[in-house]
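S.K.:
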Amino acid sequence: MSKEITARSEDYSKWYNDLVLKGGLADYSAVRGCMVIKPYGFALWEAMRDVLDRKFKDTGHQNAYFPLFIPKSFLSKEAAHIEGFAKECAVVTHYRLKNDPNGGGVIVDPEAKLEEELIVRPTSETIIWNTYKDWIQSYRDLPLLINQWANVVRWEMRTRLFLRTTEFLWQEGHTAHATQAEAISETEQMLNIYADFAENFMAVPVIRGVKSASERFAGAVETYCVEAMMQDGKALQAGTSHFLGQNFAKAFDVQFSNKENKLEHVWATSWGVSTRLIGALIMVHSDDEGLVMPPKIAPIQVVIVPIYKGADQKTALDEKVNVIVAELKRAGISVKYDDSDNNRPGWKFAEYELKGVPVRIAIGARDLENNVAEVARRDTKEKMSLSLDGLPARIQELLEEIQLNLFNKAKAFRDDHITFVDTFEEFEKVLDEKGGFVSAHWDGTAETEEQIKDRTKATIRCIPLNNPQETGTCILTGKPSKERVLFARAY
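The sequence shown finishes on residue 491 if you use UniProt numbering, and the numbering steps up by one all the way, no holes.
1. With a 10 Å radius around its C-beta and 16 neighbouring C-beta atoms as the bar for buried, classify PRO39 as buried or exposed.
2. Measuring only the C-alpha atoms, how far is GLY103 from SER212?
3. So, ALA176 versus TYR132, is the Cβ gap smaller than 8 Å?
4. Buried or exposed, going by whether 16 or more other CB atoms sit within 10 Å of the CB of ASP312?
5. Is the Cβ-Cβ distance between GLN396 and ALA298 less than 8 Å?
6. Specify the secondary structure class of THR93 as computed by DSSP and reduced to three states.
7. Would you report the Cα separation of ALA393 and LYS329, rounded to the nearest angstrom?
8. Within this structure, are the beta carbons of ILE184 and CYS462 separated by less than 8 Å?
9. Assuming contact is defined by CB atoms lying nearer than 8 Å, are ALA488 and LYS234 in contact in what I supplied?
10. Could you give the uninterrupted runs of the beta strand (DSSP E) lying entirely in the region 292 to 317, keeping only those of 3 residues or more?
11. Around the C-beta of ASN63, are 16 or more other C-beta atoms found within 10 angstroms, so that it is buried, or is it exposed?
12. Can you give me the Cβ contacts of ASN322 inside the same chain, cut-off strictly under 8 Å, excluding the 5 residues immediately before and after it?
13. LYS482 by DSSP, collapsed to three states: which one?
14. With contact counted as at least three CB pairs below 8 Å, one residue from each stretch, are the region 219 to 229 and the region 130 to 144 in contact?
15. Check TYR491 in the structure and name its three-state DSSP category.
16. If you drop the 5 nearest sequence neighbours on each side, which residues of the same chain put their C-beta closer than 7 Å to that of PHE407?
17. Have a look at the DSSP bridge pairing and note the partners of THR445.
18. Kindly indicate which three-state DSSP category PHE69 falls into: helix, strand or coil?
19. Check whether the Cβ atoms of PRO122 and CYS89 sit closer than 8 Å, and answer yes or no.
20. Under three-state DSSP, which class holds PRO345?
21. Which value, in whole angstroms, describes the spacing of the CA atoms of ASP339 and ARG377?
22. CB-CB under 8 Å to ARG158, same chain, minus the five flanking residues each way: which ones, in chain order?
23. Cβ of HIS265 within 8 Å of Cβ of THR187?
24. Enumerated in chain order, which unbroken segments of the alpha helix (DSSP H) with a length of 4 residues or greater are wholly contained in the region 335 to 380?
25. Given SER2, which residues of its chain have a CB within under 8 Å of its CB, disregarding the five upstream and five downstream residues?
26. With distances taken between CB atoms, is the gap from HIS81 to ALA218 smaller than 8 Å?
27. With DSSP as the reference, label ILE440 as helix, strand or coil.
28. Whose C-beta lies closer than 6 Å to the C-beta of GLY279 among residues of the same chain, with five residues either side of it excluded?
29. Could you tell me which whole alpha helix (DSSP H) segments of length 4 or greater appear in the region 168 to 239?
30. Using a Cβ-Cβ cut-off of 6 Å (strictly less than) and excluding sequence neighbours within five positions of GLY173, which residues of its own chain qualify?
31. Between the region 437 to 452 and the region 473 to 481, are three or more C-beta pairs nearer than 8 Å?
32. Going by DSSP, name the residue or residues bridged to ALA87.
33. Would CYS215 pass as a contact of THR477 if the rule is Cβ separation under 8 Å?
34. If you scan the region 94 to 148 from start to end, which runs of the alpha helix (DSSP H) of 4 or more residues do you find wholly inside it?
35. May I have the straight-line CA-CA distance separating VAL335 from GLU426, to the nearest angstrom?
36. To which residues of the same chain is ARG8 closer than 7 Å at the C-beta, ignoring the five residues directly before and after it?
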């Protein structure tokens, strides 16, 4: 199977698509720009979702659900917001079809035009803040901490599976607070939750920072982000958390009576991650043989493949393996016993390598006699013979070793791809020959930022949190600068 995968060095983009399609994560759909998430891919998303959902609830958030459709007038109420999303909106104009009297199938009924067009949500700030207006009257109603798991639509011209599709799955948190300080604290808390999830569950090292004004979320006062580095030297935004100030509260007149019985507008945040995290996971860890799954979110952590001849050997293996499977499950490990007889063991080995299952256990009749099993790690390809006695405990240790190894390997690559430059010539050379994050001085203007983007296709990925102050000069204009920022070409 691995021979069917394009090598990263040959065509990185095709390598990525091969892994998504042949690894059974997703497929193209009949709708241009949209994808079908297959069961294995959805199981991975569910594993991610379950961890994040638990973290959200542990910090006091509740799940709710809001409509898919947003009245067009709602988007008109926050000017920066509509400007940011206007070109990506899908618009519903009619509510009925009818048979074509000329025999051409079905057509839109011209008499079924909506009085007001509906927008298929690109994000939910407007519909949610219109609702919060009825939910919030007093300081006793605050903070309001809501999250929703949903799909959104942003009309994309150039799409890539998981990374950028017209419709995608995500979660979006929307919170309301009595004070500016509380809202900023919430924004930072959620950024840290995303960073913790990326590093400790996805094994993806990230840089925490804030976006430049030009890169902020439409309608936000400040956008916090986590940025990750892919194996081709491009960056990927792995999550954002926005401090919205009072912009949406004022747009939708969401006020509360404070403790002095005076009316104030609430302070707001929104934050989200999407199925593009799956794209990040693929591009950070996988290799030319297939996917590589971090154990903590792998849909299958361990696969057991029996090797036998005849029914008697199969029966003896089943009896022993079923005990091992039960022990692994009691330890909280997801395990699959693949005793199907439609494929040979070698084919199964290749299949589970392609799917990135962290640990593979092969056990045959002779192994059973010797009370051992062959155990293979997906991350290093290392094989070892382990005793069946105490095997679940050793597998648990092995999964932890793999998780840590994947993170350390990705972090070493990321750290090696952060380059400090002081001239525009160096800047262009690093981008073209090495890639990665380029730490450089910038004069702080949107005009310079746009010129650098036009000339190099690199954007300011973030201004790192707690960024050291350092006197310097902008790499493009030579104007004074007080700190370096991180540039990169990105997905």
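In this text, a Cβ means the ideal position worked out from N, Cα and C, and glycines have one as well.
M.R.: Considering the structure as presented:
1. Exposed, by the Cβ-count rule.
2. The straight-line gap from Cα to Cα measures roughly 55 Å.
3. Yes.
4. So ASP312 counts as exposed.
5. Cβ distance not < 8 Å, so GLN396 and ALA298 don't count as in contact.
6. Under the three-state reduction of DSSP, THR93 is assigned to strand.
7. One C-alpha to the other measures close to 12 Å.
8. Taking 8 Å as the Cβ cut-off, ILE184 and CYS462 do not qualify as a contacting pair.
9. Going by C-beta atoms, ALA488 is nearer than 8 Å to LYS234.
10. Runs found: 302 to 307.
11. By the neighbour-count rule (16 or more Cβ atoms within 10 Å), ASN63 is not buried but exposed.
12. Closer than 8 Å at Cβ, skipping near neighbours: TYR337.
13. When DSSP states are grouped into helix, strand and coil, LYS482 belongs to the strand group.
14. No, they do not touch.
15. Looking at TYR491 - three-state DSSP - the assignment turns out to be coil, as it is neither helix nor strand.
16. For PHE407, where only same-chain residues beyond five positions count, the Cβ hits under 7 Å are GLU199, ALA203 and PRO205.
17. For THR445, which the question treats as bridged, DSSP gives no partner whatsoever.
18. Three-state DSSP puts PHE69 in a strand.
19. Between PRO122 and CYS89, the C-beta spacing is below 8 Å.
20. Correct three-state label for PRO345: helix.
21. Going by C-alpha positions, ASP339 is about 20 Å away from ARG377.
22. Correct list, in chain order: ARG164.
23. At a Cβ-Cβ threshold of 8 Å, HIS265 and THR187 do not count as neighbours.
24. For the region 335 to 380, whole alpha helix (DSSP H) runs of length 4 or above, ordered along the chain, are 345 to 354 and 365 to 370.
25. For SER2, the predicted model reports a pLDDT of 49, less than 50, meaning its position is unreliable; a value from the coordinates is still stated below. Closer than 8 Å at Cβ, skipping near neighbours: ASP288, GLU289, GLY290, ALA350, GLU353 and LEU354.
26. Cβ distance < 8 Å, so HIS81 and ALA218 count as in contact.
27. The amino acid occupying residue 440 in the given sequence is Ala; Ile does not appear at that position. Residue state, collapsed to three classes: strand.
28. Only PHE162 and LEU163 meet the Cβ criterion.
29. For the region 168 to 239, whole alpha helix (DSSP H) runs of length 4 or above, ordered along the chain, are 180 to 200.
30. Cβ contact annotation for GLY173 (same chain, cutoff 6 Å, sequence separation greater than five): ASN147 and TRP271, in chain order.
31. Output reads yes: the region 473 to 481 touches the region 437 to 452.
32. It should be pointed out that residue 87 corresponds to Lys in this sequence rather than to Ala. Bridge partners of LYS87: none, in fact.
33. In the sequence under discussion, the amino acid at residue 215 is Glu, which differs from the Cys named in the question. Contact: no.
34. The DSSP assignment places 125 to 135 as complete runs of the alpha helix (DSSP H) inside the region 94 to 148, in order along the chain (cut-off: 4 residues).
35. Taking the straight line joining both Cα atoms gives about 50 Å.
36. Correct list, in chain order: TRP15, GLN231 and ASP288.
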